[in-house]
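See structure below.
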Amino acid sequence: MTTPRTKHEERMLGILQADLPGRYATRSGRRNLVRAGIACLALFYASAVVCWILAPSDTAMYVTLACDGIGLLAGGTVLGQMVVVTRGTTRLPDHLLDERQAVEKLRAHSAAHRLTLLLLFVSLFGIELGMSLTGDHSPSAAVVVTFMALLVTVLSLPLLVATWRMPDPIPDEEA
Numbered sequence: 016m017t018t019p020r021t022k023h024e025e026r027m028l029g030i031l032q033a034d035l036p037g038r039y040a041t042r043s044g045r046r047n048l049v050r051a052g053i054a055c056l057a058l059f060y061a062s063a064v065v066c067w068i069l070a071p072s073d074t075a076m077y078v079t080l081a082c083d084g085i086g087l088l089a090g091g092t093v094l095g096q097m098v099v100v101t102r103g104t105t106r107l108p109d110h111l112l113d114e115r116q117a118v119e120k121l122r123a124h125s126a127a128h129r130l131t132l133l134l135l136f137v138s139l140f141g142i143e144l145g146m147s148l149t150g151d152h153s154p155s156a157a158v159v160v161t162f163m164a165l166l167v168t169v170l171s172l173p174l175l176v177a178t179w180r181m182p183d184p185i186p187d188e189e190a
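For the sequence shown, the working numbering gives the first residue as 16, with consecutive numbering after it.
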């Protein structure tokens, strides 16, 4: 027995069932979209590095605000396109997905969690290295900016993985 859908869920399903934009209909187009998403995430990590090196200073503040602002705007656009390309597989509730989509969602989340674990260990090593280079008193803004970069990565990684792994659609057979 399925639960009734709300108006919002019906609207989201209608949007997500639209045809893919032409440039994302192929695997290479979708992977270019993922590369753009990774570039947006790299801006958050660049601002963290700048904070570790230059904080506290006005330069660190301006560079951090610029990188994070551009990363949020561009990343929001790119991630929005990924939601449409993956047809909401990683964002929709399980009762709205078919079996194939549910398996894709599970695979994307499990791969994202493995990558996140690796990223956390690398970040721990980087923070320890940064704290040892700056002495006992590391800039608290750098720790906060690093945490924000990790948080944005954890939130977007399942969508990146699902978009990267998405197969090409099966071509229609013409009689």
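Yeah, the Cβ is synthetic: ideal placement off N, Cα and C, and Gly gets one too. Please read all numbers here as calculations on a predicted model, not as lab measurements.
With the cut-off set at 8 Å, would you say residue i and residue j are in Cβ contact?
i       : j       : result
Thr-104 : Ala-177 : yes
Thr-131 : Val-160 : no
Met-163 : Val-100 : no
Ala-117 : Pro-173 : no
How would you label residue i, buried or exposed, when you count the other beta carbons within 10 angstroms and need 16 or more for buried?
i       : result
Ser-171 : buried
Arg-42  : exposed
Ser-62  : buried
Met-16  : Model confidence at Met-16 stands at a pLDDT of 48, short of 50, so the residue's coordinates are unreliable; what they give is reported in the following sentence. Result: exposed.
Arg-191 : This structure gives no information on residue 191, because the portion of the chain shown stretches from 16 to 190.
Thr-79  : buried
Ala-190 : Residue placement at Ala-190 is poorly supported in this model, since its pLDDT is 48, which falls under 50; the coordinates are not used for a value here.
Leu-58  : buried
Closest by CA to residue i, which one among the options?
i       : options                              : result
Leu-69  : Leu-165, Leu-175, Leu-148 and Ile-53 : Leu-148
Val-167 : Asp-73, Gly-91 and Val-64            : Gly-91
Glu-143 : Met-76, Tyr-60 and Trp-67            : Trp-67
Any alpha helix (DSSP H) of 4 or more consecutive residues that is wholly inside the stretch 70-154: Segments of the alpha helix (DSSP H) lying fully in the stretch 70-154: 73-100 and 114-149.
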